Each structure stands twice: as C-alpha cells, then as structure tokens.
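Residue numbers (my numbering), protein chains in the order written: chain B, 1 to 304; chain R, 1001 to 1304.
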C-alpha cells in the first residue's frame, strides 16, 4: 500500500443499484483515515471490501441529501457497540448535529466516545485539518442544497539525506534539518558539501479532491488545481445535459472539462444515475475531453 | 409461489457481519406485502435478492433500536424518487414519527406519497390490520426498550364447492355462500345434498409470527399459539444465558422452548450475534428442545 489510498464504498447516486451503493469513500494517508460521505450501507461495504477503519477519526459529509449521510447512524452505533473510546470529529453542515442527537436519543444510544461536531459553515477560509504533513480543505460546490467538496494535499516533503553520507558522521540534528530543507552542509573541518550531492529530491506531494454532488462549476478549478486524483460526479451523460442543469448535477463531459481546466493528473467518475447499466458512453464522452479518465469501481483500492 | 411467503432480508443483530444484515423481512400474502423491521441496507437487500415490493403498503417496526429501523429513511426516499404515489402505513413506536419528520426536513425531502403513521401504543387490544382474509396483530415482547412482536393469521377459508356439481345447475348466490360456509343444499326438486358430498374442506389457514428482540417471555405463547412458522430471535447460545438475560435477548434453546409451548409447526432462528461464524451449536441446542427448528437464511424464500 502506498502513502495515499482511496477505497470507494459507494459510487451510486440517490437510488442505489446492485453495483452502485450510496456515496461513501475511505481515504487512507499513512495510517490516518478519512471517511468522505457515509451513505446507507457504508459499514456493510467496509466489511465486504475488508477496508480497515481503526485509524478513522475524521468523517466529512459533503451535504445533507440522504444518499450521502444515512449510513452515519449505523456506523457510529457500531463503533459504540465495539467499545470505541477515541473521539470522532464530524465535519458536516450544521443542521446534521441536532438530527444526530435526535437519532441517538430515539434509538436509546449514549455513545461511549466523544463525538465532536464541526460545522462546515465555520471553515470558509480555514482548512478543516492542518497537520504537519497534510491539509484538508473544503470548498463550495453548486448543488440544490449547500454542498462542499474536499481536497487533501500533502505538504511538500523534505529532501532525503543519502544514507551513506550520514553513516559514520556525527551530524547535529540542527544540521540534519537544514540539509532536509535544502541547505548545503559544512563539516567540522570546513569541507563544503553541496545539498544536491548529499540529499535526494523527495517525490511530489500527493493530493486528492472529491466533488460530489455538483453542477458544472468552474469556481472550483482553483481549489482542486493540479491534484493527482480527482473524483468528480458524473450523474448523467451528454444527452441529459438539460436534466443535469435542472437537478444541479454534472455530465461526464462536464466533469472532464473541470479536470482539464484544473490540470489534474487523473479523473475518476462516480455518482452514476441508476439508469445506467453500462458506463462506456459516459467514459467515452469524458475521455474525448480529458483522456486520463476512468470509471470508478467500488471496492477497488486506488493508489494515488 | 404459495399464498404466504417470507423473505428474510437481514437476520443479523446490532453489529452487521458479512452474512448477517440488520433485521428486516418481507412477508407476502396473495399480493399484499408487509415489511417487518427495516434495518440499514434493507433496500439494497431487496435489490440483491430481487424481492418484489410494488404491493408493499404496510411497514411494521418492532422497536427503536437502530438495527431495526435505520434503513427506513433510505427506503422511503427511494420510493419518493421512484415517484410512488400510494400511501404507506407505518406501524411503529410513537417516538419514530417526529424523528422521521426531522430526517426528511434535514434531507430536504417532501415525500410525494402520504405517509400514515400509526403508533403501536394505540393497538393494545385491536388488530393492526383486520381484512377480509387475514389479520395482523401486535403483542408485547420483553426487551430493554418497548418492543412488539407481530402475528399474521389468515382467516379460515371457505369450503370449495365441487366444480362438477355447480356445472349445469343454476344455484343462487345465496345458496353458494351457504354451501361454502358448510350448509347442506336442497334443490328445486327437493333433493337434499349433504355438504360433505358437494364441497371440499379447504386447507388450514396460514399463519406467521415474528418475535425479535426479546428475552425469554412466556406471555407471548398465547399470542403466537399454533402458527405455522415462528421466527424467533436467538442472539446467544446456552453458554451465554446470563448475557441473554442481562441484555434482554434469547438463547436458541429459549426460542425453542417458546416454539414448543406455543405448539408452532416450524421454528426459524435469527438475529444472531456477530460473534457466531457458524450456527451448528445454536441449531443443535434448539433442536434438542424443538426438533423442527431451522437456521434462517437471508435471501431464501420461505413458503409458509
């Protein structure tokens, strides 16, 4: 498993089908886990696809249409029954908080673990998470109810010092950090080592963006610019352009246009209307605009 | 398909497993459909097992633990999205009503069809449904929150008049009904025909009872007496008797004891704890008490 992995638990839309479950996906970054949306059955999909969730401490809910959060009640209940004690942070539109309280009051459940509710409305300018090695930010999508996209960005990695160079030398921590940050190094005898000779360029930072549900919306291009992987909804095909506009969803080609404008590396399509039995048309229409497009598959781990 | 069929959509308990979904089952009687409990994922199980639901107009929720009703929000939303217009009657503990309203308000859904909510608390002495050919009644189970069992009973069928006897005779409707009810018949010429010679005994009435969740509770024996099929929870095995008592659940042997006392024809066990990977022990312990016991299987149609 690489440093950043995506597991799609559901890529269906409002009405589930045999192969399209309600929206939910697990993003795993070096042992940190993030659940993005939690449609009905998310916990069963986690079991079916053997997706780990022990390091899940953050849940992000894009908007309050049922196919994006009806699985939250069951998932949290199960964590409770498993004796979980670690807190869970839920980032979601504010209106979800009183509903969660109502659900657990009705189902006679007093959660064993702290549930920290963080209204997405409070994060218009600040990241949801700003950690040493990554950030997660939200941005506004264009849908029939307030809806947010999410973007994960790894922070630039430090340079890796050549092992042979370190071996046998007593280099102070202070200098180690300087070399990792790109500085040259002068040893006790006054010998200069150019940074490029004693350290390696790290790989490029990893990044991922989730955009569902949304109409075609160019405002998001800046937010998701250059991500390695973009998951964008593609509820309809080009023949349903008017319906997409009316229902504030996107066609596959519109998703591809966003991917192209944002100069992302790879595009995954999802949130398919239940009317589609095959996805060749959607894929072709998107690839005509942005060739590096793929149909998302539930249960398949994507290394980003 | 016979006149009465049961499809078990979920026979797991609070924590779902790969093979044990949250409680839900569909009972179909001559085109009438009844959904009993609606745990998370019920609508996906309906799709998976190709269970018809067009004639579903009545939903019964035994109690308000999440594994018995968290699938209701998604199921009703799907009916709405499919353009359903026929009313649905929901029989459930009263506290579910304001929660349903809250869920649909939050998920921005105004159901297209009338949703009639009938609090189970209002039916302590009267049947939930009393139709020409059947009744459905509720009765109290013994659990940690108010919980109801349900029993379906077909009304006694009328006798079938021999076709050869009717053929060529102009028998008045009034007399037809009398013969069906068991009377002899005297024709215009004064000839007496004994009922047993001109009509056949109908099959015995069909019946089914659902008991989940409940501790061992002999008070229900009268309510479910003599049913052809009893589904009774068996969360635990005999080694967990104390836990069963503490959590107000039953062991398989306790379920069998109820089946025996109630003189039912056949017992189906369900609502298994997630700790069981196989059910041989549960089955054996129950069969030692009541031999005609079976482990329920999700997706298998049971002809009653």
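Every residue, glycine too, gets a C-beta built ideally from N, C-alpha and C.
Treat the numbers as computed from the prediction; the structure is a model and nothing was measured.
- request: Could you pull the start and end residues of the beta strand (DSSP E) that residue 137(B) belongs to?
  value: 134-140
task: For residue 106(B), decide whether its Cβ has a neighbour in chain R, counting only Cβ atoms nearer than 8 Å.
output: yes
- prompt: Are the Cβ atoms of residue 213(B) and residue 238(B) separated by less than 8 Å?
  reply: no
- request: Anything in the region 1053-1070 of chain R with a Cβ closer than 7 Å to a Cβ of chain B? List those residues in chain order, please.
  value: 1064, 1065, 1066, 1070
task: Answer with buried or exposed for residue 1028(R), where buried requires no fewer than 16 other C-beta atoms within 10 angstroms of its C-beta.
output: buried
- request: Identify the contact partners of residue 21(B) in chain R, using a Cβ-Cβ distance below 8 Å as the criterion.
  value: 1044
message: If you follow the beta strand (DSSP E) that residue 1085(R) is in, where does it begin and where does it stop?
response: Counting along the chain, residue 1085(R) falls outside any beta strand (DSSP E), and DSSP gives it neither H nor E.
field: Sequence-distant residues of the same chain with beta carbon closer than 7 Å to residue 64(B), five excluded per side
entry: 93, 95, 96, 145
Beta-carbon proximity check, residue 267(B) vs residue 236(B), cutoff 8 Å: no
message: Runs of 4 residues minimum, wholly inside the region 1114-1196 of chain R: which ones carry the alpha helix (DSSP H) assignment?
response: 1163-1166, 1173-1180
- prompt: In or out: residue 1202(R) buried (at least 16 other Cβ within 10 Å) or exposed?
  reply: exposed
- request: Go ahead and pull the three-state DSSP assignment for residue 64(B).
  value: coil
task: Verify the CB distance criterion: does residue 1099(R) have a CB-CB separation below 8 Å to chain B?
output: yes
query: Using a C-beta cutoff of 8 Å, does residue 40(B) count as contacting chain R?
result: yes
field: Beta-carbon spacing of residue 209(B), residue 151(B) below 8 Å
entry: yes
message: So, does the region 1276-1290 of chain R touch the region 1249-1268 of chain R, judging by three or more C-beta pairs under 8 Å?
response: yes
- request: Measure the alpha-carbon distance for residue 194(B) versus residue 200(B) and round it to whole angstroms.
  value: 12 Å
message: Quick check on residue 1037(R): buried or exposed, where buried means 16 or more other Cβ atoms within 10 Å of its Cβ?
response: buried
query: residue 1145(R) touches chain B at which residues, Cβ-Cβ below 9 Å?
result: 107, 108
field: Nearest residue (CA-CA) to residue 997(R), options 1067(R), 1265(R), 1049(R)
entry: Only positions 1001 to 1304 of chain R appear in this structure, which leaves residue 997(R) out of reach.
query: Can you find at least 3 beta carbon pairs, one from the region 1065-1079 of chain R and one from the region 1001-1014 of chain R, that sit closer than 8 Å?
result: yes
message: When you compare the CB of residue 1182(R) with every CB in chain B, is at least one pair closer than 8 Å?
response: no
- prompt: Mind pulling the chain B residues with CB within less than 8 Å of residue 1047(R)?
  reply: 16, 17, 18
message: Quick check on this structure: which residue in 1156(R), 1080(R), 1171(R) has the alpha carbon closest to the alpha carbon of residue 1163(R)?
response: 1171(R)
- request: Rounded to whole angstroms, what's the CA-CA distance from residue 33(B) to residue 1132(R)? Just pull it up for me.
  value: 56 Å
message: Suppose the cutoff is 7 Å on Cβ atoms and the five residues either side in sequence are ignored; what does the same chain contact list for residue 1112(R) look like?
response: 1080, 1083, 1084, 1085
query: Per DSSP, residue 100(B) forms a beta bridge with which residues?
result: DSSP, once it has assigned bridges, lists no residue as partnering residue 100(B).
message: Using only CA atoms, which one of 274(B), 278(B), 304(B), 54(B) lies nearest to residue 17(B)?
response: 274(B)
message: Give me the residue from 1025(R), 1066(R), 1060(R) with the minimum Cα distance to residue 1052(R).
response: 1025(R)
message: What are the residues in the region 1071-1089 of chain R lying within 8 Å of chain B by C-beta distance?
response: 1071, 1073, 1074, 1077, 1078, 1081, 1082
- prompt: Can you list the residues of chain B that residue 1095(R) reaches, using a CB-CB cut of under 8 Å?
  reply: 106
message: Can you tell me whether residue 1238(R) is helix, strand or coil according to DSSP?
response: helix
Start and end residues, beta strand (DSSP E) containing residue 274(B): Premise fails: residue 274(B) is in no beta strand (DSSP E) and is neither H nor E.
field: Proximal residues of chain R, C-beta to C-beta of residue 264(B) below 7 Å
entry: The premise fails here: residue 264(B) is roughly 30 Å from chain R at the closest Cβ pair, so nothing lies under 7 Å.
field: Residues within the region 156-180 of chain B neighbouring chain R, beta-carbon criterion of under 7 Å
entry: none
message: Residues in the same chain with beta-carbon distance under 6 Å from residue 58(B), minus the five sequence neighbours each way, listed in chain order, please.
response: 34, 89
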